[in-house]
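Asker: Residue numbers (the working numbering): 4 to 338.
Backbone N, C-alpha and C define an ideal beta-carbon position, used for all residues, glycine too.
Since we're looking at a predicted model, the values are computed, not measured.
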Ligand code: DOR
Ligand code: ZN
């Protein structure tokens, strides 16, 4: 069996910078493009910094054709700044983080009312807002508690291009169905694992991410929505590499490194459920339609011959451990 995908997109990707970027960029190069997250140290806040980062990504991609949809770290700002961002080549949208909610998000927003004027202008200018939707409550309830904020945003700014990033709950899917003016991304791991896989037996730090994986019924609902071709649900890997020393540590960094396995594993899952015909929508068409994207034209063919996943990748002095490290995946990219 095989499938050829047209211009697959990863709508939520952490490529990092420096030596790590040199490792991660080629490992996502089977995609035709990706929405690039801005949570560097310091975060990417200005169009100038964004363009410099974009150029470093382009260099790290080498010859691979890859459309970079760049984001800026959301801060309240006025019309001139928003227009300048919008007119910067490569700019896609703003990523809003609640302050301190995850890796390098200390400069985020502590009260959504702070963002009101900015969001009004973004609505006018049709600038997408991508949101890390978690409260500071009990870890299993954070996404659910944040749904009230999504509801507020979708109601108060009805024309805002709002994306609920990396949703992990059935409740978020219900909200997606309730509000036709919003979209959502979902990761690979949240289609597959539950909290049990992370912490139900021996702790598996390489599966620890934020939002944390939830209950079986949440995972099942997300998988069904993806397999059924929900028109406003898009693949966003949230592939988030950290050095092994920061993962296998007391105070494990959040993030699952799925970039190298994302497309083969998605093909395996969709094939196993007899839903390969929906994969194109999930990994490209839904995003292209919703945002009006025209990524570089590129095809990738996947087939049901196994991929041996390395136990780790080496980034100069550091090791980085991917999801399914040392295991075999049923599908692979045809080279
Ligand atoms: O697990 C995560 N890792 N969640 C995030 O929101 C950020 C990401 C990262 O940058 O490491
Ligand atoms: Zn992320």
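1) Taking all protein chains shown into account, decide if residue 113 is buried (16 or more other Cβ within 10 angstroms of its Cβ) or exposed.
2) Alpha helix (DSSP H) containing residue 83: first to last residue?
3) Measuring only the C-alpha atoms, how far is residue 331 from residue 308?
4) With respect to 8 Å, is the separation between the Cβ of residue 104 and the closest non-hydrogen atom of ligand 1 below this value?
5) Would you be able to state if there are at least three C-beta pairs under 8 Å between the segment 253 to 261 and the segment 278 to 298?
6) Does ligand 2 have a heavy atom nearer than 8 Å to the CB of residue 73?
7) Between which residues of its own chain and residue 208 is the CB-CB distance below 8 Å, once the five residues before and five after are set aside?
8) Determine the contact status of residue 261 and residue 10, defining contact as a CB-CB distance below 9 Å.
9) For residue 205, verify whether its CB is less than 8 Å away from any heavy atom of ligand 2.
10) Do the segment 265 to 280 and the segment 116 to 135 meet, that is, are 3 or more Cβ pairs less than 8 Å apart?
11) So, helix, strand or coil for residue 305, using DSSP?
12) Assuming residue 98 contacts residue 70 under a Cβ cut-off of 8 Å, what Cβ separation, rounded to an integer in Å, is found between them?
13) Can you grab the Cα-Cα spacing for the pair residue 57 / residue 285, in whole Å?
14) If you measure from each CB to the nearest heavy atom of ligand 2 and keep those under 6 Å, what residues do you get, in chain order?
15) Can you list the beta strand (DSSP E) stretches of 3 or more residues lying completely in the segment 41 to 110, in chain order?
16) Hey, which unbroken runs of the alpha helix (DSSP H) at 4 residues or more fall wholly within the segment 232 to 300?
17) In whole angstroms, what separates the C-alpha of residue 140 from that of residue 149?
18) For residue 248, count neighbouring C-beta atoms within 10 Å of its own C-beta (all shown protein chains included) and say buried if the count is 16 or more, exposed if not.
19) What is the residue span of the beta strand (DSSP E) that residue 36 lies within?
20) If the criterion is Cβ atoms closer than 9 Å, does the pair residue 306 and residue 35 meet it?
21) Considering only heavy atoms of ligand 1, does any lie closer than 8 Å to the CB of residue 291?
22) Between residue 268 and residue 12, what straight-line distance do the alpha-carbon atoms span, to the nearest angstrom?
23) I'd like the list of long-range same chain contacts for residue 229, defined as Cβ closer than 7 Å, with 5 residues on each side in sequence excluded.
24) Going along the chain, which residues of its own chain have a beta-carbon closer than 6 Å to the beta-carbon of residue 282, five neighbours each way excluded?
25) Going by the C-beta, is residue 217 closer than 8 Å to any heavy atom of ligand 1?
26) Near residue 109, which residues of its chain fall below 7 Å by C-beta distance, leaving aside the five closest residues on each side in sequence?
27) Which residues does DSSP list as the beta-bridge partners of residue 317?
28) If you follow the beta strand (DSSP E) that residue 120 is in, where does it begin and where does it stop?
29) Would you check whether ligand 1 has a heavy atom nearer than 8 Å to the C-beta of residue 257?
30) What's the C-alpha gap between residue 224 and residue 171?
31) Taking residue 193 as part of the alpha helix (DSSP H), name the residues at either end of that continuous run.
32) Taking 8 Å as the cut-off, is the beta-carbon of residue 250 closer than that to any non-hydrogen atom of ligand 1?
33) If you reduce the DSSP assignment to three classes, tell me which class residue 13 lands in.
Answerer: Concretely, from the data shown:
1) Around the Cβ of residue 113, a 10 Å sphere holds fewer than 16 other Cβ atoms; the residue is exposed.
2) 82 to 89
3) 10 Å
4) Shortest gap from the CB of residue 104 to any heavy atom of ligand 1: under 8 Å.
5) no
6) no
7) 250, 251, 252 and 255
8) no
9) no
10) Three or more Cβ pairs closer than 8 Å define a contact, and the segment 265 to 280 falls short of that threshold against the segment 116 to 135.
11) It is a strand residue.
12) Actually they do not touch by this definition, with Cβ atoms about 18 Å apart.
13) 25 Å
14) In chain order, the hits are 15, 17, 40, 241 and 243.
15) Counting whole runs of 3 or more residues, the segment 41 to 110 contains the beta strand (DSSP E) stretches 70 to 76 and 94 to 99.
16) 247 to 250, 265 to 275 and 289 to 294
17) Those two C-alpha atoms are separated by around 9 Å.
18) exposed
19) Per DSSP, residue 36 belongs to the beta strand (DSSP E) from 36 to 39.
20) no
21) no
22) 15 Å
23) 189, 194, 236 and 285
24) 273
25) no
26) 102 and 103
27) 322
28) Run containing residue 120: none in the beta strand (DSSP E); it sits in the alpha helix (DSSP H), 119 to 128.
29) yes
30) 9 Å
31) 192 to 195
32) no
33) strand
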